[in-house]
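**Student:** Here it is, the structure in full.
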Amino acid sequence: MNRKSDKPISKSLPTFQPGTSSPQNSRKASAWLPIGLIAIAAGFHWLALPPVRQPWAAYVSAFFYAAAVYCPVEITGRGWWCIYCIGSILWLGLLQGIRLAYWPLYGGWVALSLYVAAYTPAFVAISRSLRRGFDFPLPFACAISWTGLELFRSYFATGFACCLLGHSQTPWPAVLDLAAHFGAYGISFCIMLLGASICYLVALICERRCEKVTQKSRSEQFGVLIAGLLSLFWIFSSFSNYRIYERQAASQETPEGLGKFMIVQHNMPTMFDLPREELQIPWLEQARLTERSLRSESAGDVEVVIWPESTWDGDKYFSWLDWDGSKGQPALFGQSEESLSKAQQWIQNWTRDQLARFHVAGQDQPAFLVSGAVWKVRNGKLERFNAALWLDADREGADYYAKRHLVMFGEYIPLVSSFPQLLAMVGLGALDAGQEFVAWKTSSGTIVAPSVCFENVVPQLIHRQVKELSRRGTPPDILVNVTNDAWFRGSSIVDHHLNNAILCAVENRRPMLVAANSGISAWIDGSGRVIRSLHKFEESALVATPSRDARWGLWQTVGDWPARITCLVSLLPGLRWTLRRIRKKFWS
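Per this note's numbering, the sequence shown runs over residues 6 to 593.
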């Protein structure tokens with residue numbers, strides 16, 4: 006009879022050599038791969054923007070963001086939290102200058118950073134879903150998701166379009182031409198498109214060398230080819246258009262000038278740095294700087310003098326009192342109509358006297374574009390505006406533009422703004438938003454459109470301003486931004502703000518003049534070149550002689566509608582998830 010072998014029967018067990026990892030450890034290590042890729046991407050993202058400001062790093066960042074999307078490793082709940090934490094660290098670093106304004110903004114800095122950080126895991130999730138669930142090629146999935154989220158961020162919760170990926174390219178104005186047609190969103194789209202295309206090709210090469218070739222979709226390969234060609238077209242067309250415009254501008258012996266403007270930059274302390282009664286001293290210093298600058302040879306025939314935001318007030322509670330003489334007076338005044346009339350007459354006389362002190366013998370009196378508080382009284386109701394004022398000695402009174410887009414945590418605090426007593430506890434006063442755009446005409450006929458503070462951080466607002474003014478028959482020739490960036494103590498927030506101004510100039514094909522308290526004041530042309538600027542904390546005057554930019558751009562006609570389309574496409578994964586949940590709940 007056949008007997009079974011006497012050899013002991015042992016269960017087949019895996020053996021491991023020293024120095025090797027177990028499958029379980031390998032899975033744990035691979036789970037960290039997309040998180041590590043996001044961390045590298047965030048590092049290069051930070052390098053691309055101020056304070057380091059290395060434009061090339063944006064493309065490397067896009068490469069690693071796309072690699073995290075391409076990575077086949079599934080991301081668990083803990084992984085998503087890790088990606089969110091990486092985004093939080095990135096944005097806390099980029100926006101840390103916000104906290105320097107005054108102590109309540111420590112909370113604003115943290116809240117804003119934690120909010121914007123949510124877009125990092127959202128980008129990865131949407132991009133993966135577009136690629137895997139809707140068969141989008143990797144470059145287009147990443148570019149559409151990124152651009153759609155940037156647009157959503159610029160609208161949601163009053164809008165925050167600072168530190169877009171496209172803003173990293175401002176040191177290279179030659180690549181900004183696309184913004185005239187698709188805005189800063191178009192630059193971000195192309196950066197992500199190029200980075201993701203290179204990522205796909207590198208992944209393909211690595212897989213072939215490792216003999217791990219997986220079946221690639223022909224449609225995705227074709228999409229990557231199209232994305233690469235579009236990226237090359239963007240680069241070459243931008244450079245060629247930029248060079249052509251430069252040659253044309255150089256060949257014009259007498260370009261169509263728009264007049265001579267003087268920007269006065271001083272270091273006026275903020276309302277929390279000095280008691281109000283002591284602000285008269287720095288105001289007089291800025292006035293003397295203006296007088297000296299107007300008497301210099303380069304300042305001859307200056308048409309407009311521009312002071313930064315909030316510097317015209319000095320030690321006064323308001324720069325202008327707009328009262329129509331109607332019956333009743335606000336409870337805040339607690340005074341008679343006669344006293345209100347005297348206050349209005351006093352501010353008018355004071356303004357007229359200050360304009361007279363800046364008059365230089367033998368020269369025409371320039372107009373002043375300044376900024377300060379405007380109190381408007383109508384039928385006993387008081388409205389207080391942060392406004393840009395147009396002061397002209399040839400006209401009675403002053404015209405003003407009341408700021409329409411107020412800054413959250415700076416000019417109002419959600420819910421708290423309904424209680425003036427609570428605002429007063431943190432040193433703020435309730436401000437009202439303006440209702441319409443205003444433009445002014447210089448003595449030579451140039452039309453000037455103002456914006457105040459961070460209004461140029463909201464690109465759709467500036468687009469609407471240009472479009473509405475053009476519809477009313479006053480198309481602006483020059484955009485002017487008056488801002489008080491002394492709040493941020495020379496931090497990178499000041500550079501981020503300038504980046505927004507540069508892109509606004511390109512998008513609307515109009516020169517932009519920036520008057521910033523403590524810097525950075527600048528003269529920017531329609532190509533995004535900073536022709537002249539003043540350094541942070543430099544006390545000086547800048548004379549600008551901008552020229553008209555007659556080039557057409559799609560942005561001027563349609564605004565951000567192309568970016569809105571990418572935002573709608575980005576909603577597809579969320580829409581499909583919602584429909585599946587509904588079907589599972591009601592029809593399963």
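Every residue, glycine too, gets a C-beta built ideally from N, C-alpha and C.
Excluding the 5 residues flanking S575 on each side, which residues of the same chain have their C-beta closer than 7 Å to its C-beta?
**Tutor:** For this step, residue 575 is matched to residue 570 along the sequence shown. So the qualifying residues of the chain are I131, I149, S150, G153 and L154.
**Student:** Grab me the residues of R537's own chain with a C-beta within less than 6 Å of its C-beta, minus the 5 sequence neighbours each way, in chain order.
**Tutor:** To locate residue 537, count along the sequence shown from 1; it is residue 532. So the qualifying residues of the chain are W528 and L547.
**Student:** Alpha carbon to alpha carbon, what distance is there between Y64 and L198?
**Tutor:** On the sequence shown, position 193 is the one that residue 198 refers to. On the sequence shown, position 59 is the one that residue 64 refers to. Cα to Cα, L198 sits roughly 9 Å from Y64.
**Student:** Nearest-angstrom Cα distance between E473 and L387?
**Tutor:** Residue numbering aside, residue 473 sits at position 468 when the sequence shown is read from its first letter. Residue numbering aside, residue 387 sits at position 382 when the sequence shown is read from its first letter. Going by the C-alpha atoms only, they are around 27 Å apart.
**Student:** When burial is assigned at 16 or more other CB atoms within 10 Å of the CB, is N384 buried or exposed?
**Tutor:** On the sequence shown, residue 384 is found 379 positions in, with the first residue counted as 1. Classification of N384: exposed, given that the 10 Å Cβ count is below 16.
**Student:** Give the straight-line distance between the Cα atoms of T175 and S256, rounded to the nearest whole angstrom.
**Tutor:** Start at 1 with the first residue of the sequence shown, and residue 175 comes out as number 170. Start at 1 with the first residue of the sequence shown, and residue 256 comes out as number 251. Going by the C-alpha atoms only, they are around 25 Å apart.
**Student:** Which value, in whole angstroms, describes the spacing of the CA atoms of S344 and D327?
**Tutor:** Translated into the one-based positions of the sequence shown, residue 344 becomes position 339. Translated into the one-based positions of the sequence shown, residue 327 becomes position 322. So the two alpha carbons sit approximately 14 Å from each other.
**Student:** Return the CA-CA distance between I45 and F69, expressed in angstroms with no decimal places.
**Tutor:** For the purposes of this step, residue 45 is identified with residue 40 of the sequence shown, where counting begins at 1. For the purposes of this step, residue 69 is identified with residue 64 of the sequence shown, where counting begins at 1. I45 and F69: Cα-Cα distance of roughly 7 Å.
**Student:** Could you tell me which of S376, F227 and C147 sits nearest to R268, measuring between CA atoms?
**Tutor:** Looking up residue 268 in the sequence shown gives position 263. In the sequence as presented, Arg is not what sits at residue 268; that position holds Ile. Taking only the C-alpha atoms, the option nearest I268 is S376.
**Student:** Looking at the structure shown, is W239 part of a helix, part of a strand, or coil, going by DSSP?
**Tutor:** Sequence index remark: in the sequence shown, residue 239 carries index 234 (1-based). W239: helix per DSSP, three-state reduction.
**Student:** Three Cβ pairs or more, each shorter than 8 Å: is that satisfied between the stretch 455-474 and the stretch 509-516?
**Tutor:** Yes, the stretch 455-474 is in contact with the stretch 509-516.
**Student:** Given this structure, state the Cα-to-Cα distance separating L183 from A67, to the nearest angstrom.
**Tutor:** Within the sequence shown, residue 183 is the residue found at index 178, counting from 1. Within the sequence shown, residue 67 is the residue found at index 62, counting from 1. Cα-Cα distance, rounded: 18 Å.
**Student:** Would DSSP call Q270 helix, strand or coil?
**Tutor:** Position 265 of the sequence shown, counted from the first residue, corresponds to residue 270. Of the three classes helix, strand and coil, the one that applies to Q270 here is strand, per DSSP.
**Student:** With distances taken Cα to Cα, identify the nearest neighbour of R136 among V74, W114 and T125.
**Tutor:** Within the sequence shown, residue 136 is the residue found at index 131, counting from 1. R136 has its Cα closest to that of V74, out of V74, W114 and T125.
**Student:** Just to confirm, are T275 and A491 a CB contact at a threshold of 8 Å?
**Tutor:** Numbered from its first residue, the sequence shown carries residue 275 at position 270. Numbered from its first residue, the sequence shown carries residue 491 at position 486. Yes. Within cutoff.
**Student:** From the DSSP output, in three-state form, read off A546 for me.
**Tutor:** Counting from 1 along the sequence shown, the entry for residue 546 is found at position 541. Reduced to three states, the DSSP call for A546 is strand.
**Student:** Would you mind giving the Cβ-Cβ distance between R389 and D437, rounded to the nearest angstrom? I have them listed as a contact below 8 Å.
**Tutor:** Within the sequence shown, numbered from 1, the residue matching residue 389 stands at position 384. Within the sequence shown, numbered from 1, the residue matching residue 437 stands at position 432. Confirmed, about 6 Å.
**Student:** Comparing alpha-carbon positions, which option in Y120, T488, S496 and P480 lies nearest R515?
**Tutor:** Counting from 1 along the sequence shown, the entry for residue 515 is found at position 510. The shortest C-alpha separation from R515 is found at P480.
**Student:** What are the start and end residues of the beta strand (DSSP E) that includes W312?
**Tutor:** By one-based count along the sequence shown, residue 312 stands at place 307. Taken as a continuous stretch (DSSP letters only), W312 belongs to no beta strand (DSSP E), as it is neither H nor E.
**Student:** Could you give the C-beta distance for P39 and I80, rounded to a whole number, given that I count them as a contact under 8 Å?
**Tutor:** The residue you call residue 39 lines up with position 34 of the sequence shown. The residue you call residue 80 lines up with position 75 of the sequence shown. Indeed they touch by this definition, with Cβ atoms about 6 Å apart.
**Student:** According to DSSP, which residues form a beta bridge with M197?
**Tutor:** Here the question's residue 197 lines up with position 192 in the sequence shown. None, per the DSSP bridge assignment.
**Student:** Let me know the secondary structure DSSP gives Y247 once reduced to three states.
**Tutor:** Working through the sequence shown from its first residue, we reach residue 247 at position 242. Of the three classes helix, strand and coil, the one that applies to Y247 here is helix, per DSSP.
**Student:** Quick one: what does DSSP say I570 is sitting in, helix, strand or coil?
**Tutor:** Along the sequence shown, one-based indexing puts residue 570 at 565. It is helical.
**Student:** Report the rounded CA-to-CA distance for S26 versus A146, giving the unit in angstroms.
**Tutor:** Position 21 of the sequence shown holds residue 26. Position 141 of the sequence shown holds residue 146. Unreliable positioning characterises S26 in this predicted model, as indicated by a pLDDT of 47, which lies under 50. A coordinate reading is not provided.
**Student:** Less than 7 Å separating the Cβ of V269 from some heavy atom of the ligand GTP?
**Tutor:** With respect to small molecules bound, the structure shown includes none, and the ligand GTP cannot be examined in it.
**Student:** Going by alpha carbons, who is nearest to F161 out of I587, M413 and N504?
**Tutor:** Your numbering for residue 161 matches position 156 in the sequence shown. For F161, the nearest C-alpha among the options comes from M413.
**Student:** Counting only the same chain and skipping the five closest in sequence on each side, list residues whose C-beta sits under 8 Å from that of H410.
**Tutor:** Within the sequence shown, residue 410 is the residue found at index 405, counting from 1. T163, G164, A438, F459, E460, V463 and L466.
**Student:** Going straight from the alpha carbon of F238 to that of G564, what length do you get?
**Tutor:** Here residue 238 is taken as the residue at index 233 of the sequence shown, counted from 1. Here residue 564 is taken as the residue at index 559 of the sequence shown, counted from 1. Cα-Cα distance, rounded: 22 Å.
**Student:** Tell me which residue opens and which closes the beta strand (DSSP E) that P455 is part of.
**Tutor:** Looking up residue 455 in the sequence shown gives position 450. Unbroken beta strand (DSSP E) run through P455: I452 to V457.
**Student:** Apart from the five residues on each side of it in sequence, which residues of its chain come closer than 6 Å, Cβ to Cβ, to S448?
**Tutor:** By 1-based counting over the sequence shown, the position of residue 448 is 443. Taken in chain order, the residues that qualify are E308.
**Student:** Let's test the definition: count the other Cβ atoms within 10 Å of the Cβ of V57 and tell me whether it reaches 16, buried, or not, exposed.
**Tutor:** Reading the sequence shown from its first residue, position 52 is the one you call residue 57. By the 10 Å Cβ count, V57 comes out exposed.
**Student:** Between L580, P178 and N272, which has its C-alpha nearest E544's C-alpha?
**Tutor:** For the purposes of this step, residue 544 is taken as the residue at position 539 of the sequence shown. When only C-alpha atoms are compared, the closest one is N272.
**Student:** If you draw a straight line from the C-alpha of W86 to the C-alpha of P126, how long is it?
**Tutor:** Position 81 of the sequence shown, counted from the start, is the residue given in the question as residue 86. Position 121 of the sequence shown, counted from the start, is the residue given in the question as residue 126. Approximately 8 Å, taken between the alpha carbons.
**Student:** Could you please give the first and the last residue of the uninterrupted alpha helix (DSSP H) stretch that includes D358?
**Tutor:** As a first step, residue 358 must be located in the sequence shown, where it is residue number 353. From DSSP, the alpha helix (DSSP H) with D358 extends over E342 to R362.
**Student:** With a threshold of 8 Å on Cβ separation, who are the neighbours of Y190 within its own chain once the five nearest residues in sequence on each side are excluded?
**Tutor:** By 1-based counting over the sequence shown, the position of residue 190 is 185. The residues are T152, E155, L156, L169, G171, D565, P567, A568 and T571.
**Student:** Tell me the rounded alpha-carbon separation between Q370 and I94.
**Tutor:** Taking the sequence shown and counting its residues from 1, one reaches residue 370 at position 365. Taking the sequence shown and counting its residues from 1, one reaches residue 94 at position 89. Each residue's Cα considered, the two are about 52 Å apart.
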